[in-house]
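Here the sequence shown stands for residues 71 to 437, where the numbers follow the working numbering. Here a beta-carbon is modelled for each residue, glycine too, at the ideal position from N, C-alpha and C. A quick note: this is a predicted structure, and the numbers were derived from the prediction, not measured.
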Amino acid sequence: MNTFLSYGIIFVILLVLEIVYFKIADKCNIIDKPNERSSHSTIVLRGGGIIFPIAIIVWTVVAGWASMESGQAVGLRQVYDFQQYLPFIIGLVLVAGVSFIDDIRSLPDSLRLIVQFASYGLMFWSLGVFDLFAEYGWLIGLGAVLLALIVCVGATNIYNFMDGINGITVGYSAAVLLPLLLVNEGALVTALNEPVGFVPASLILTVILAVVVFAIFNFRPKGKAKCFAGDVGSISIAFILLFMIGRLILATEDLTFLIFLLVYGVDGCLTICHRIMLHENLGEAHRKHVFQLMANELKMGHVTVSLIYMALQLIVSLGFIYLCPNTTGAHWLYLLGALLLLSVAYVLFKKKYYHLHEEYLASLKGK
Numbered sequence: 071m072n073t074f075l076s077y078g079i080i081f082v083i084l085l086v087l088e089i090v091y092f093k094i095a096d097k098c099n100i101i102d103k104p105n106e107r108s109s110h111s112t113i114v115l116r117g118g119g120i121i122f123p124i125a126i127i128v129w130t131v132v133a134g135w136a137s138m139e140s141g142q143a144v145g146l147r148q149v150y151d152f153q154q155y156l157p158f159i160i161g162l163v164l165v166a167g168v169s170f171i172d173d174i175r176s177l178p179d180s181l182r183l184i185v186q187f188a189s190y191g192l193m194f195w196s197l198g199v200f201d202l203f204a205e206y207g208w209l210i211g212l213g214a215v216l217l218a219l220i221v222c223v224g225a226t227n228i229y230n231f232m233d234g235i236n237g238i239t240v241g242y243s244a245a246v247l248l249p250l251l252l253v254n255e256g257a258l259v260t261a262l263n264e265p266v267g268f269v270p271a272s273l274i275l276t277v278i279l280a281v282v283v284f285a286i287f288n289f290r291p292k293g294k295a296k297c298f299a300g301d302v303g304s305i306s307i308a309f310i311l312l313f314m315i316g317r318l319i320l321a322t323e324d325l326t327f328l329i330f331l332l333v334y335g336v337d338g339c340l341t342i343c344h345r346i347m348l349h350e351n352l353g354e355a356h357r358k359h360v361f362q363l364m365a366n367e368l369k370m371g372h373v374t375v376s377l378i379y380m381a382l383q384l385i386v387s388l389g390f391i392y393l394c395p396n397t398t399g400a401h402w403l404y405l406l407g408a409l410l411l412l413s414v415a416y417v418l419f420k421k422k423y424y425h426l427h428e429e430y431l432a433s434l435k436g437k
């Protein structure tokens, strides 16, 4: 089957499944009601991001069928080892399922964290991370795995925290997926002058199609969104992206590819530090992220803010791919330089505009 036709069929399938979900969500009253800390003012369907794990299931079926039809690495017909991806898929379904239930009715934080750690354990199984035990011994291997688990679960929840305005999750996810696709297909080559090829291109392209489908209903001005991603969407796409980046890091032995998540990482981590300094309960909803100040206090459009975050991450990532020399030292210098630059920009922005948020909080107390 023609490659373009194959992806066209996948796109239509995902679009139909998303619309079917909307019907179910509307009937079951799966909605997001605004409150005083929300960045929206109307009732919107919640959980539209369920299309992301669904896309992985669709890809699994199609890629599995294509690999049985032909062993040629063309289009969707790329080498596909179901057993290798099975633990990752089970982990994704597990974390997506619990997140979806949490979207409908609140679950204890402890339960969600246990499931997230278990899901990442399954992902690590797919990635072959547990081979570290045989290579470096139990003590070092266990320490490395535990540290990786904490980082991944933390990154997933930061990704979830950053899902607060229309379009930001899909826009930012697209800004991560495009560099991953470019590196996968040879934009940044190994020392042997060969493409990294850390995952089948069909996997990245299928997730991109899911992002496009969701964007049709979410990448809209404030008050115009048909649906929100929900925890199921933001946590699932974070899980998928971290799996891809994990494959890339293991294939290249280069940890600096975490730079593909740097913009979210700076805003998320520094906002957590800020809230700790303010002695706030980190589990409570808030509007202190830079993107929230831009959308709420500065009255910038949701789509505009989402595009800014998308553009910033693309600039950082594409500069890393095309401008930075492909050496370990240069990669670390670029990463640290970008981290410092974004951190300074964050602090300066907060110093200039955070007083507007304090005025907003004071107005709430006066009501």
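In terms of Cα proximity to F203, the closest of G134, K435 and A214 is A214. In the three-state DSSP reduction, I100 falls in the coil class, being neither helix nor strand. K420: member of the alpha helix (DSSP H) spanning T398 to K435, first to last residue. Checking the DSSP bridge columns, you'll see V114 partnered with D102. Listed in chain order, the alpha helix (DSSP H) elements of length 4 or more contained wholly in the region 146–191 are 152–174. In this structure, L252 sits near I391, with a CB-CB distance shorter than 8 Å. Using a 10 angstroms sphere on the CB of Q383, the tally of other CB atoms reaches 16 or more, which defines it as buried. The beta-bridge partner set that DSSP reports for C297 consists of L115. The beta carbon of C339 is closer than 8 Å to those of I228 in its chain, skipping five residues each way along the sequence. A Cβ-Cβ contact shorter than 8 Å links L84 with A125. Nearest to V131 by C-alpha distance, out of H344, I80, I174 and G399, is I80. Taking C-beta atoms as the reference points, V302 and D173 count as a pair closer than 8 Å. When DSSP states are grouped into helix, strand and coil, K292 belongs to the coil group. Check the Cα spacing between N366 and each of Y423, F289, I385 and I171: the tightest is with Y423. In the three-state DSSP reduction, D324 falls in the coil class, being neither helix nor strand. Assigned with DSSP and collapsed to three states, R317 falls in helix. DSSP places I235 in the coil class of the three-state scheme, outside both helix and strand.
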